[in-house]
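Residue numbers (this note's numbering): 20 to 207.
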């Protein structure tokens, strides 16, 4: 079983002790990409930093945690069977007239949670292609395959996890790591 390092970005309300005691925090925005849940960036701290600078310009906190990559993770990044299953469900929804050009990933996930008994996952993992702003070049790291082609390897993919419950995938070790002055090990 793999252990994943996760980062959650939150608005800095100068309540870091409460954040560590009660975190992580659920996101229920109307436009959540994956539905209601606890959102994290996987592995790359700089993605959490990017989200903080763009979402919380007056200040933000970054928290780090760990979880287990188990069979309870619906993995739309690294599990081709999960991707095929998602595509199949979406195609069935389309046949039923439930999908059109404005249907979102979140809508398909909500359908799966409500209608498919076998969908008993604790979290979902996705790569939000195109989610980083084009002007955020310092956060985009790509290496081309051929000098005459546009195809590239993304060296810092914007992979997000949405945990459906606070303790999904054995989430643990949730703590504030930014800004430095909130850290337990910070020395002036």
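Backbone N, C-alpha and C fix where the C-beta goes; we use that ideal spot for every residue, glycine too.
- Go through its chain and collect everything with a Cβ distance to residue 101's Cβ below 7 Å, but skip five positions before and after it. 93, 94 and 95
- Query: Where does residue 28 land, buried or exposed, given buried means 16+ other C-beta within 10 angstroms?
  - Reply: buried
- Three-state secondary structure assigned by DSSP to residue 23: strand
- Message: I'd like to know whether the C-beta atoms of residue 183 and residue 84 end up nearer to each other than 7 Å.
- Response: no
- Since residue 163 sits in a beta bridge, which residues does DSSP pair it with? 171
- Task: Look up residue 105 in the DSSP assignment and say whether it is helix, strand or coil.
- Result: helix
- Item | Nearest residue (CA-CA) to residue 202, options 25, 20 and 33 | 33
- Query: Span of the beta strand (DSSP E) holding residue 61?
  - Reply: 57–61
- Classify residue 20 as buried or exposed, calling it buried when 16 or more other Cβ atoms lie within 10 Å of its own Cβ. exposed
- Message: Quick check: the Cα distance between residue 59 and residue 185, rounded to an integer number of angstroms?
- Response: 12 Å
- Task: Kindly give me the distance between the Cβ atoms of residue 38 and residue 80, rounded to whole angstroms, as I take these residues to be in contact under 8 Å.
- Result: 6 Å
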